[in-house]
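Down below is the structure, laid out as structure tokens.
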Amino acid sequence: MNIQQLRYVCEVAQMDLNVSKAAQALHTSQPGISTQIRQLEEELGFAIFTRQRNRFTGITSEGAAVIEHARRSLKEIAEIKEIGRHRSQDHSGSLVIAASHTQARFTLPRVLQAFIRKYPNVRITVSQGGGRQTIETLNAANADIGILSSMGKLTAELQAIACHTYKRILLVPPGHPLLTIDQPSLADIAQYQMVLYEPSKTGTDVVNALRAKGLDMPSFLRAPNADVVKAYVEHGLGVSILPAIVFDPARDPGLRAIPVSHLFADNATYVVLHRKNYLRDYAYDFIEMLEPHLTRQVVESAMEG
Numbered sequence: 004m005n006i007q008q009l010r011y012v013c014e015v016a017q018m019d020l021n022v023s024k025a026a027q028a029l030h031t032s033q034p035g036i037s038t039q040i041r042q043l044e045e046e047l048g049f050a051i052f053t054r055q056r057n058r059f060t061g062i063t064s065e066g067a068a069v070i071e072h073a074r075r076s077l078k079e080i081a082e083i084k085e086i087g088r089h090r091s092q093d094h095s096g097s098l099v100i101a102a103s104h105t106q107a108r109f110t111l112p113r114v115l116q117a118f119i120r121k122y123p124n125v126r127i128t129v130s131q132g133g134g135r136q137t138i139e140t141l142n143a144a145n146a147d148i149g150i151l152s153s154m155g156k157l158t159a160e161l162q163a164i165a166c167h168t169y170k171r172i173l174l175v176p177p178g179h180p181l182l183t184i185d186q187p188s189l190a191d192i193a194q195y196q197m198v199l200y201e202p203s204k205t206g207t208d209v210v211n212a213l214r215a216k217g218l219d220m221p222s223f224l225r226a227p228n229a230d231v232v233k234a235y236v237e238h239g240l241g242v243s244i245l246p247a248i249v250f251d252p253a254r255d256p257g258l259r260a261i262p263v264s265h266l267f268a269d270n271a272t273y274v275v276l277h278r279k280n281y282l283r284d285y286a287y288d289f290i291e292m293l294e295p296h297l298t299r300q301v302v303e304s305a306m307e308g
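The C-terminal residue of the sequence shown carries number 308 in our numbering, and the numbering is unbroken.
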């Protein structure tokens, strides 16, 4: 027995046994309603409705009692949800965000700045880790929202919602020979030592692209995050392909960026949520601040899908 079955029974009774109208009112299908009601009757061991040629023709005495209790139960459930709704509008509490270093360092600051202005009494924790670690944190329900680009297969409890895309750039120090080439090829880039950080989606894409072209692998210097990668490139230790969001000409005067959209497709960033987590109003606001098209309606619709 579940709430959906009780709702179907009550709606059919409300619509004078017209399953078609009940389905329209509940935005579902007639067969779905009929199947759920049949399953409820089988569980209870008696018929709620009388039937003739698969059409509901009346309500049994036991069915009348079920409908009365179901209506009462649905009313109580609605009141409980209302309590939760009022509680969710309280602008104090906590928000735990699990994110990759790139997202935590280069995407979140502007969002958190706006969020804190609106919700000064919300305690914010940013849990930083790679894609796998972030997924584990979300699976354990130890974070409210995950933000990442690199992720493996998600469990059924998690839902990924496309947030925004970003382009990749090739970072080199000033005066580097690659700056003289219009749209450098992978072969051009592979002539130089590369600095990659792992785990990262971009690093994996670079290696896969080189292999697909059958190019000799350049020597790699691996670093733990984008900030360290940029420092190594600035000191002439190699070149690197990174998300464009990590580069700011004013902040990074010792670096030059070369577009490489002709070599690498845009990559997506996702908001990842646990289906069983209850999100407060301010959590939905945070997601919309991160990406304006991700309204509460869009997020809830994705979570129900």
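Glycine included, C-beta positions come from ideal geometry on N, C-alpha and C.
Helix, strand or coil for residue i, going by three-state DSSP, please let me know.
| i | result |
| --- | --- |
| T158 | coil |
| R74 | helix |
| T110 | helix |
| M18 | coil |
| H167 | strand |
| V263 | coil |
| L218 | coil |
| L276 | strand |
| S243 | strand |
| A226 | strand |
| T60 | strand |
| Y281 | coil |
| F289 | helix |
| N270 | strand |
| A117 | helix |
| S95 | coil |
| M306 | helix |
| Q55 | strand |
| I150 | strand |
In or out: residue i buried (at least 16 other Cβ within 10 Å) or exposed?
| i | result |
| --- | --- |
| D185 | exposed |
| E44 | buried |
| P187 | buried |
| K233 | buried |
| G149 | buried |
| Q116 | exposed |
| L47 | exposed |
| R214 | exposed |
| A286 | buried |
| Y11 | buried |
| F49 | exposed |
| I70 | buried |
| A229 | buried |
| D1 | Outside the shown range of the chain, which is 4 to 308, sits residue 1, and nothing can be said about it. |
| T272 | buried |
| Q300 | exposed |
| D269 | exposed |
| A16 | buried |
| S40 | Here residue 40 is Ile; the residue named in the question, Ser, does not match the sequence. With 16 or more Cβ atoms within 10 Å of its Cβ, I40 is classed as buried. |
| Q42 | exposed |
| A25 | buried |
Could you compute how far the alpha carbon of residue i sits from the alpha carbon of residue j?
| i | j | result |
| --- | --- | --- |
| G217 | P176 | 27 Å |
| V209 | Q136 | 22 Å |
| L181 | S222 | 17 Å |
| G132 | H238 | 26 Å |
| Q27 | S37 | 13 Å |
| I290 | A226 | 30 Å |
| G206 | L98 | 30 Å |
| R126 | T140 | 18 Å |
| I62 | L20 | 9 Å |
| R278 | T298 | 17 Å |
| E14 | H265 | 56 Å |
| M220 | F118 | 44 Å |
| I83 | N124 | 25 Å |
| M197 | S130 | 29 Å |
| I192 | L240 | 14 Å |
| H30 | A67 | 24 Å |
| T183 | P256 | 18 Å |
| R54 | K78 | 28 Å |
| R75 | I6 | 12 Å |
| E65 | Y122 | 51 Å |
| L111 | L293 | 8 Å |
| L282 | P34 | 32 Å |
| I51 | A81 | 23 Å |
Can you tell me which of the options puts its alpha carbon nearest to the alpha carbon of residue i?
| i | options | result |
| --- | --- | --- |
| A165 | Q8, L9 and P295 | P295 |
| L276 | Q17, E160 and R74 | E160 |
| V236 | E307, A144 and L258 | L258 |
| A107 | R254, K121 and T128 | T128 |
| L157 | T60, I138 and Q33 | I138 |
| D284 | H94, D255, S64 and Q55 | H94 |
| N280 | M292, A144 and T183 | A144 |
| L174 | I261, Y200, V114 and A146 | I261 |
>> Whether or not the segment 96 to 103 and the segment 150 to 161 are in contact is what I'm after, with contact meaning three or more pairs of Cβ atoms, one per stretch, closer than 8 Å; do they touch?
In response: yes
>> Does the contact criterion of 3 or more C-beta pairs under 8 Å hold for the segment 239 to 246 versus the segment 161 to 172?
In response: yes
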